[in-house]
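Q: Numbering (this note's numbering), first residue to last: 6 to 171.
Here it is: the structure, laid out below.
Structure, rendered in structure tokens:
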């Protein structure tokens with residue numbers, strides 16, 4: 006992953022792909038969407054794109070990165086995106102970052118950061134700060150309810166001869 010505090014100089018390929026992600030985000034704004042665009046690239050070839058579709062689809066999870074990851078997984082017919090790079094117009098929010106990590110992309114390259122998103126009125130920074138605090142300080146209550154049957158799905162998973170590890 007690229008750390009914005011110690012970002013390497015982009016090579017021409019990175020600069021080309023990030024420019025395309027930014028252009029995609031700008032076109033999405035012109036079409037009534039949010040200012041976010043993402044690409045999945047493998048072996049220097051474009052695999053998938055995604056734009057922010059939250060308001061268009063009434064889907065709070067339809068962030069550009071998640072849309073691109075879903076499209077790439079469908080096109081590559083795998084849930085493991087090893088060998089791929091996620092290029093995105095803005096630093097992924099915590100949900101998108103977790104999605105990228107779960108997808109096992111090799112790299113994440115972004116342009117604007119969470120502070121730029123906050124300056125434009127987006128909550129990314131607030132969520133990063135929230136996850137750094139203990140849950141008892143959150144406005145949304147998160148509670149564990151330990152029932153006797155809580156491990157049954159895991160037992161079924163462990164016993165399943167058709168399970169696919171991930």
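From the three backbone atoms N, C-alpha and C, an ideal C-beta is built for every residue, glycine too.
A quick note: this is a predicted structure, and the numbers were derived from the prediction, not measured.
Looking only at its own chain, which residues have a Cβ that is under 8 Å from the Cβ of residue 63, when we skip the five neighbours before and after it?
A: none
Q: Using three-state DSSP, classify residue 60 as helix, strand or coil.
A: Reduced to three states, the DSSP call for residue 60 is helix.
Q: Can you check which of these residues, 21, 91, 48 and 55, is closest to residue 41 by C-alpha distance?
A: Ranked by Cα distance from residue 41, the options 21, 91, 48 and 55 are led by 55.
Q: If contact is defined by three or more beta carbon pairs under 8 Å, each pair taking one atom from either stretch, is the region 93-103 in contact with the region 36-52?
A: yes
Q: Assuming the contact rule is C-beta atoms closer than 8 Å, residue 89 and residue 114 should be a hit. Round their C-beta distance to whole Å, please.
A: Residue 89 to residue 114, Cβ: 11 Å. No contact.
Q: Quick one: grab the DSSP three-state call for residue 42.
A: strand
Q: Count the other CB atoms, across all protein chains shown, that sit within 10 Å of the CB of residue 8; report buried if there are 16 or more and exposed otherwise.
A: Reliability fails at residue 8, whose pLDDT of 45 lies under 50, so the model's placement of it is uncertain and no value is given.
Q: Measuring only the C-alpha atoms, how far is residue 176 from residue 139?
A: Outside the displayed range of the chain (6 to 171) lies residue 176, so it cannot be described from this structure.
Q: If we ignore side chains and look at the alpha-carbon of each, how far apart do residue 94 and residue 116 end up?
A: 5 Å
Q: DSSP beta-bridge partners for residue 115?
A: 93
Q: Please look up how many angstroms separate the CB atoms of residue 77 and residue 53, rounded, as I've assumed it's under 8 Å.
A: 4 Å
Q: Taking Cβ to Cβ, would you say residue 91 is nearer than 8 Å to residue 67?
A: no
Q: Shortest alpha-carbon distance to residue 144 belongs to which of 135, 83 and 150?
A: 135
Q: How should residue 119 be labelled, buried or exposed, when 16 other C-beta atoms within 10 angstroms of its C-beta is the threshold for buried?
A: buried
Q: Return the chain-ordered list of same chain residues with a C-beta closer than 8 Å to the C-beta of residue 18, the five sequence neighbours on each side being excluded.
A: Within the same chain, residue 18 has close Cβ partners 49.
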